[in-house]
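Residue numbers (my numbering), protein chains in the order written: chain A, 1 to 224; chain B, 225 to 448. A virtual CB, placed ideally from N, CA and C, is assigned to each residue, including glycine. Working notes for the structure below.
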DNA sequence: CAGTATCCATTTCGATACTG
DNA sequence: CAGTATCGAAATGGATACTG
């Protein structure tokens, strides 16, 4: 590909990487997604044909390797792909510092829960099945209720009631929960201000915060 | 802008940065270009209207500040823009390691000389005017001859003979010179192999290598 | 110098439906 | 599960010429 007609390595890199969605797919692969439909959940607004096309481009570019193991297709980053981690980290670090404004369109409960389920601190949780419920009163049904079911080291995201007893229910605006996840506001501050509400056994309510890890970019210091 | 519909900071960053040419403009600003026509030389394949449009977008995004000082317009990076340096560096570092293949289309003598003129080691040069000539026998006239004229701390790139006596003439293929600039091959090796030829006074031929700095990415270690 | 204006070809994408 | 097929709308951008 010769989009820019420049020998500059930044230009050569961007020839592959500046296509829409591409770096988000790489972000997904970097955070552990391996299968087509798993990737789709990370980029839900992308059509499957476009995702498939991008994966082919990335494979041709030597960034992704497609594998077929007994009827199960998986995509993995090559060494070149893995080395894009610093790029993605730099981009996210910049983004969290300088693009604070989120549109309503940017909020997505499915995506939020999907991110959370990948970052649970399972070791901090008691043995046995744990069920967390999230309720977003400002979201239209049926997308206003979600469950994280943790059993052993398996974590499921459910958008329908899995039927198990719920240990803790977290209730609050989708924007609030999203901003907590991004590290824009503090969990404790939101609870204190009443914009986040916890229900469940007192000893669990106190520790649930420790079960949830935040976004990897939450800890990035913000401009003063 | 809401291209992706994601709250993820990587997505929010890419909404601004993944547009074609955008990161190359930022690269130019990071390397010191300030004026419209100066920027154009760094992205020669971009139409002026598109450059103008991108600069407006970047200004709206808070990355660039447009200034008008007594009839002279200039563009400068804001703090947010300056903080994109690690992003550009990560991209270039990745690009130099993993995209080694250059198409014929990627070679551009004007761009190469433009890059070189920004990176001359003027302190290492003797006082008085120094003129370097570059000849690319494999390039069609008139783009096969270029001059760098250094006078004091002023450096000019000429595509027509400036008329001054030439101190050193560097002759070699455009690909060779480009690869040296990128750090893909060594100056000394190219001279040794005869793919680069120097003419001029012996004492100047010996030191000219020290006058030219290479691309900032030349020193990045390559995959083994 | 520092841009605008115009215009059309092309690319790109999103939506939707379908398949082994 | 892992994609492909199709299609039309919209965005995008390149070329070129022009301006205060």
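Check, Outcome
"Min CB distance residue 346 (chain B) to chain A below 8 Å", "no"
"Reduced DSSP secondary structure (H/G/I, E/B, other) of residue 152 (chain A)", "coil"
"Per-residue contacts from residue 311 (chain B) into chain A (C-beta, under 9 Å)", "87, 90, 91, 93, 94"
"Opposing strand residues paired with residue 381 (chain B) [DSSP bridges]", "B:372"
"Pick from A:67, A:149, A:153, A:184 that is closest to residue 160 (chain A), judged by C-alpha positions", "A:149"
"Contacts of residue 75 (chain A) in chain B (Cβ-Cβ under 7 Å)", "Those within 7 Å of residue 75 (chain A) in chain B number zero; the least Cβ separation is about 18 Å."
"Validate contact between the segment 299–316 of chain B and the segment 416–427 of chain B using beta carbons, cut 8 Å, 3 pairs", "no"
"Length of the line joining the Cα atoms of residue 118 (chain A) and residue 47 (chain A)", "23 Å"
"Every unbroken beta strand (DSSP E) inside the segment 92–150 of chain A [3 residues or more]", "130–135"
"7 Å CB neighbourhood of residue 421 (chain B) in its chain, flanking five on each side removed", "395, 396"
"Sheet register partners of residue 393 (chain B) (DSSP bridge)", "B:357, B:423"
"Residue 283 (chain B) to residue 155 (chain A) span [Cα, whole Å]", "44 Å"
"Residue 69 (chain A), enclosing alpha helix (DSSP H) - first and last residue", "Careful: residue 69 (chain A) lies outside any alpha helix (DSSP H), inside the beta strand (DSSP E) at 64–69."
"Within chain A, the residues that residue 441 (chain B) reaches when beta carbons sit closer than 9 Å", "8, 9, 10"
"Chain-ordered chain A contacts of residue 274 (chain B) [CB-CB under 9 Å]", "Result: empty, since nearest Cβ-Cβ is about 13 Å, beyond 9 Å."
"Element boundaries [alpha helix (DSSP H), containing residue 254 (chain B)]", "246–254"
"Residue 415 (chain B) (DSSP reduced to helix, strand or coil)", "helix"
"is_contact[residue 116 (chain A), chain B] using C-beta, thresh 8 Å", "no"
"Chain A contact residues for residue 362 (chain B), given Cβ-Cβ distances below 8 Å", "In chain order: nothing, as chain A lies at least about 15 Å away."
"Straight-line gap, residue 224 (chain A) to residue 99 (chain A) (C-alpha atoms, nearest Å)", "14 Å"
"CB-CB length for residue 10 (chain A) against residue 25 (chain A), believed under 8 Å", "No, residue 10 (chain A) and residue 25 (chain A) are not in contact; Cβ-Cβ is about 20 Å, not under 8 Å."
"Neighbour flag for residue 238 (chain B) against chain A, beta carbons, 8 Å", "yes"
"Limits of the alpha helix (DSSP H) - the one that residue 240 (chain B) falls within", "233–241"
"Buried/exposed call for residue 377 (chain B), threshold 16 Cβ in 10 Å", "exposed"
"Rounded distance between the beta-carbons of residue 226 (chain B) and residue 123 (chain A), thought under 8 Å", "Going by Cβ atoms, the distance from residue 123 (chain A) to residue 226 (chain B) rounds to 37 Å, so no, they are not a contact pair."
"Own chain, CB closer than 6 Å to residue 386 (chain B), minus 5 neighbours either side, in chain order", "371, 373"
"Cβ neighbour criterion (16 or more within 10 Å) applied to residue 255 (chain B)", "exposed"
"Residues bridged to residue 74 (chain A) [DSSP beta-bridge criterion]", "A:67"
"Test item: CB-CB of residue 390 (chain B) and residue 357 (chain B) under 8 Å", "yes"
"Interface residues of the segment 319–338 of chain B facing chain A [CB-CB below 8 Å]", "319, 320, 321, 322, 323, 326, 327, 329, 330, 331, 332, 335, 336"
"Nonlocal neighbours in the same chain, by C-beta distance under 7 Å from residue 362 (chain B), ignoring five residues either side", "397, 398"
"contact_flag[the segment 82–98 of chain A, the segment 310–322 of chain B] where n(CB pairs < 8 Å) is 3 or more", "yes"
"Contacts of residue 171 (chain A) in chain B (Cβ-Cβ under 8 Å)", "Simply none; closest approach about 19 Å."
"Per DSSP, cross-strand counterpart(s) of residue 212 (chain A)", "A:120"
"Cβ neighbour criterion (16 or more within 10 Å) applied to residue 67 (chain A)", "exposed"
"Residue 439 (chain B) classed as buried or exposed, judged by whether at least 16 other C-beta atoms fall within 10 angstroms", "buried"
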